[in-house]
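**Q** The structure under discussion is supplied below as structure tokens; questions concerning it will follow.
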Amino acid sequence: MLLPSGNTVYSSTPIYPGSHFTWGEATKNCTRQLENLVINGRLIISAAAIEQNIIQTARKMDRYRAQLGNYPITVHSWYRPSGVNRSIGGSKGSRHLYGDGVDWVSHRYSPRQIAEILEANHDQGGYKAYNKFTHTDWRGYKVRW
Ligand SMILES: [Zn+2]
2 MLLPSGNTVY
12 SSTPIYPGSH
22 FTWGEATKNC
32 TRQLENLVIN
42 GRLIISAAAI
52 EQNIIQTARK
62 MDRYRAQLGN
72 YPITVHSWYR
82 PSGVNRSIGG
92 SKGSRHLYGD
102 GVDWVSHRYS
112 PRQIAEILEA
122 NHDQGGYKAY
132 NKFTHTDWRG
142 YKVRW
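In my numbering, the protein residues as written are 2 to 146.
Okay, here's the thing in structure tokens:
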């Protein structure tokens with residue numbers, strides 16, 4: 002798929018060189034083109050800025066992956082264009098729209114175990130331990146549900 006930066010990436014392309022996370026994981030196997038987020042005719046965030054968010058988020062996810070012992074992590078959901086977010090009933094302000102929200106599973110630790118690490122570390126966004134996965138985002142300020 003073609004990114005706003007002009008780079009062409011494939012599902013297996015690391016989000017940045019050396020990352021354990023791929024563009025396929027961020028965009029559901031390259032089926033979700035990055036698009037401007039427009040609400041009521043107002044540009045909320047450009048596709049180019051979403052691309053940068055995804056790259057920065059991958060760096061943070063790689064840091065958590067290392068802190069969690071380098072065990073594999075499976076991404077359930079990352080970037081969602083607004084049409085997708087609406088169709089799955091995502092919240093209007095979902096950080097998945099911005100490219101910095103990720104739902105994921107560690108192959109070694111449960112969401113409750115992960116929460117113990119995140120509670121002390123995750124001060125630039127939100128996280129939530131669901132039964133089967135963890136949501137994390139980097140919205141810029143600490144939030145919990
Ligand atoms: Zn989520």
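Where a beta carbon is used, it is the ideal one built from N, C-alpha and C, also for glycine.
Thinking C-beta only, is residue 123 closer than 8 angstroms to residue 104?
**A** no
**Q** Taking the alpha-carbon positions, what's the residue 87 to residue 96 distance?
**A** 13 angstroms
**Q** Near residue 144, which residues of its chain fall below 6 angstroms by C-beta distance, leaving aside the five closest residues on each side in sequence?
**A** 127
**Q** What is the rounded straight-line gap between the Cα of residue 50 and the Cα of residue 115?
**A** Rounded to whole angstroms, residue 50 to residue 115 spans 28 angstroms at the Cα level.
**Q** Which residues in the same chain as residue 14 place their Cβ atom closer than 7 angstroms to its Cβ, once the five residues preceding and following it in sequence are excluded?
**A** 23, 24
**Q** Using only alpha-carbon positions, find the residue among 98, 40, 66 that is nearest to residue 33.
**A** 98
**Q** Select from 47, 107, 100 the residue whose C-alpha is nearest the C-alpha of residue 68.
**A** Relative to residue 68, the option among 47, 107, 100 whose CA is nearest is 107.
**Q** Roughly how many angstroms separate the alpha carbons of residue 1 and residue 110, rounded to a whole number?
**A** Because residue 1 is not part of the residues shown, which for the chain are 2 to 146, the question remains open.
**Q** Is residue 52 buried or exposed, if buried means 16 or more other CB atoms sit within 10 Å of its CB?
**A** buried
**Q** Any heavy atom of ligand 1 inside 7 angstroms of the beta-carbon of residue 102?
**A** yes
**Q** Below 7 angstroms, is the gap between the Cβ of residue 136 and the nearest heavy atom of ligand 1?
**A** Because some heavy atom of ligand 1 lies under 7 angstroms away, the Cβ of residue 136 counts as near it: yes.
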